[in-house]
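Since the structure comes first, as structure tokens, the remarks are kept for the end.
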Amino acid sequence: MQIVLPPELEALVQRQLTSGKYNSAIDVILAAIQLLEQQQDIYQGRLQELQREALIGKQASQRGEVVDGATAMAQIRANLRFPTG
């Protein structure tokens, strides 16, 4: 596979090489791909966490276990000022 980078990305790769941190352009590209994979893993984990939290909220709502927005914000603010635990 051959990849043509725009000039600004070529300059970025060159700066990384000049820094001495990487031995070749391939090393820079591989590091970038690994970072992308890590970012995607974090995103997927957070997405699944938010989906679980949304389901918990929906189930609580269906059971009638809800509070109005003003009360919820007051509870959040109180917890920020005086955390428990």
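If you want this note's numbering, it's the position in the sequence shown, counting the first as 1, plus 256. Here a beta-carbon is modelled for each residue, glycine too, at the ideal position from N, C-alpha and C. Note that the structure is a prediction, hence the values are computed from the model and not measured.
With DSSP as the reference, label Gly-276 as helix, strand or coil.
Three-state DSSP puts Gly-276 in coil, outside helix and strand.
Local conformation of Leu-306 per DSSP, three classes
Helix at Leu-306.
Beta-carbon contacts of Val-269 that lie in its chain and below 6 angstroms, excluding the five residues immediately before and after:
Cβ within range, chain order: Ala-281 and Val-284.
Whole angstroms are fine: how far does the CA of Gln-295 sit from the CA of Ile-289?
Each residue's alpha carbon lies about 10 angstroms from the other.
Considering only C-alpha positions, which residue in the set Met-257, Gln-272 and Gln-258 is nearest to Glu-264?
Across the set Met-257, Gln-272 and Gln-258, the C-alpha of Gln-272 shows the shortest separation from the C-alpha of Glu-264.
Where Gly-320 sits in the DSSP three-state scheme
Coil at Gly-320, not helix or strand.
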